[in-house]
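Some notes on the structure that comes next.
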Amino acid sequence: MTSGIALQRGCRILAATQPEGWTMFDKISRSWTLVKASAAVLRSDKELLLFPVISAIATLVATATFLVPVIGLRIFEGGNIGVMGAVVGFLFYLCQYFVIFFFNTALVGAAMIRLEGGDPTVADGLRIARSKLGVILGYAAIAATVGLLLQMISEKSGFIGKMVVGLVGMAWTLASFLVVPILVSRDVGPIDAIKESIALLKRTWGENVAGNVGIGLAFGLVLVLVVLAVVALVIGAAAMGGVKLAIVVGVVGAFAIATVAVVQAALSGIYSAAVYRYAMDGHAPAGFAGPQLQAAFQPK
């Protein structure tokens, strides 16, 4: 509680001392402040980390389920997708997105309970996700269609085309960033949730992007450093202790890399829940400074 109060005071001071016309550096700094605030919420409920962990395991299981028949039946052999390949590809995307969205919904639902002053459990998050099975499946179907179309276009495009597809994919990611919090909080269908998310993005383009990029840059940098450290340690272990020691160090390093990815996923879910909640009622959730989040919702 003391750390949360101190963080809010620090954010208020930061907001009060910023001049008009903030630079990109100021936006990144403010985004980092939001990351730290999200981390404070995560420290209060470390069980929120379980959702991305379970999601990753379930995703790997779903992937293995598809790989076995795909390899056995040689569906994609020769580079010709065909009708069967397209159907299998769509079902693969659908299962992947459904698993990801299900556990992300559970994470965001639990995070919202915490932001409202409650003490959520893993069971609370799963209960919320189970109550939204229909809309999660519908949203997964839409996301799977978009993902498959972008993948098919990318495979048939040159360098410039791949860049365009990448930009379209990035735009889709930003436009749908608040879909899960909307589905958790309201009784709406996936299409209406996407429309509302896009409407919020139009109002919050600059700061919303800065917040997402801030989280991505922060963890991207950490991930690069961890990977470099792991590679260096594995090489050193191989030179000093042989293959067995290198394998042990590699396993530990892989666990460290996975941990960074899990923390990033959890913080992103908390961040989206906090931004959406503040957008709806104008009150800063516990652990977040009002001026910082309010900056994300200034009219363009």
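If you want this note's numbering, it's the 1-based position in the sequence shown plus 56.
By construction, the Cβ of each residue, glycine as well, lies at the ideal position given by its N, Cα and C atoms.
Neighbour-count burial assignment, residue i, 16 or more Cβ in a 10 Å radius
i, result
"K188", "buried"
"M168", "buried"
"G77", "Confidence in G77 is poor, its pLDDT being 45 and thus under 50, which makes the residue's placement too unreliable to answer from."
"A179", "exposed"
"I184", "buried"
"V143", "exposed"
"I127", "exposed"
"G276", "exposed"
"A285", "exposed"
"G173", "exposed"
"A330", "buried"
"G217", "exposed"
Same chain only: Cβ atoms within 8 Å of residue i, ignoring 5 sequence neighbours per side
i, result
"L239", "T161, K188, V191, I192, Y195, P246, A249"
"I198", "P246, I247, I250"
"K42", "Residue numbering for the chain in the displayed model covers 57 to 356; residue 42 lies beyond these limits and cannot be assessed."
Beta carbon of residue i nearer than 8 Å to that of residue j
i, j, result
"L98", "L104", "yes"
"G325", "L171", "no"
"V290", "V305", "yes"
"P108", "A322", "yes"
"F159", "S232", "no"
"G145", "G165", "no"
"A335", "L256", "yes"
"S328", "P237", "yes"
"D205", "G225", "The question names Asp, but residue 205 is Leu in the sequence shown. No; because the gap between Cβ atoms is not below 8 Å, this pair is not in contact."
"S253", "V235", "yes"
"V282", "A310", "no"
"T115", "I156", "yes"
"P176", "D101", "yes"
Unbroken alpha helix (DSSP H) run spanning residue i, endpoints
i, result
"S232", "Run containing S232: none; DSSP gives neither H nor E here."
"E103", "Careful: E103 lies outside any alpha helix (DSSP H) and carries neither H nor E."
"D243", "Unbroken run through D243: none, as it is neither H nor E."
"G194", "189 to 211"
"G181", "178 to 186"
Three-way DSSP call (helix, strand, coil) for residue i in this model
i, result
"S94", "helix"
"P172", "Looking at the sequence itself, residue 172 is Glu, so the reference to Pro does not match. Correct three-state label for E172: coil."
"G217", "helix"
"G298", "coil"
"E252", "helix"
Cut-off 6 Å between Cβ atoms - residues of its own chain near residue i, not counting five sequence neighbours on either side
i, result
"V221", "L206, I209, S210"
"Q320", "F275"
"G203", "Y149"
"S241", "none"
Other residues of its chain near residue i: CB distance less than 7 Å, five sequence neighbours each side excluded
i, result
"A200", "F146, Y149, L150, Y153"
"V117", "none"
Check: residue i C-beta below 7 Å from any heavy atom of the ligand SAH
i, result
"S111", "In terms of ligand content, the structure shown is empty, and the ligand SAH therefore cannot be addressed."
Any chain C beta carbon closer than 8 Å to residue i
i, result
"F146", "In summary, chain C is missing from the structure at hand, where a single protein chain is found."
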